[in-house]
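Per the numbering used here, the very first residue in the sequence shown carries number 84; after that it's consecutive. Read the structure below first, then the notes.
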Amino acid sequence: MELLAAIPERTLSEKEFLKNLGKKDLFAVMLCIYLLIEDEKILERFRKEVADLFDSFESEGFETISDRGDVFNTLKIPRDYEFRLLNLHVEKYGVPSI
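Printed below as a string of structure tokens:
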């Protein structure tokens, strides 16, 4: 529950957390990295690199990558992860330099 206390509700709600989102998955790792990086420019770069990675799956036609479906279902990452990370960025630094 410590992770949940450190991030805004609009990034990860208690209801989602209790349903195991952000507990032991890649999204939890992404949130931890976001909390641990203290340099805003590096954080912006991280967010953009992650977005580029997931965009490449769509642009290269990888709609299905496993029996769970697409990359988001396979890795248990919410489809609106970018919005959620942006909310966390705003919480830490104010308006991002998008």
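Beta carbons are placed, not taken as given, at the ideal position from N, Cα and C, and that holds for glycine.
| message | I'd like to check one pair, Leu-109 with Ile-160: are the Cβ atoms closer than 7 Å? | response | yes
| field | Collapsed DSSP secondary structure at Ser-139 in the structure displayed | value | helix
| task | Rank Tyr-117, Leu-101, Leu-86 and Val-112 by C-alpha distance to the C-alpha of Leu-171 and give the top, closest one. | result | Tyr-117
| If Ile-90 and Leu-114 are in contact, beta carbons under 8 Å, what's the gap, nearest whole angstrom? | 6 Å
| Cβ of Arg-128 within 7 Å of Cβ of Leu-168? | In this structure, Arg-128 sits away from Leu-168, with a CB-CB distance that is not shorter than 7 Å.
| task | Sort out for me which residues DSSP pairs Gly-152 with in a bridge. | result | Ser-149
| Collapsed DSSP secondary structure at Val-173 in the structure displayed | Taken through DSSP and simplified to helix, strand or coil, Val-173 comes out as helix.
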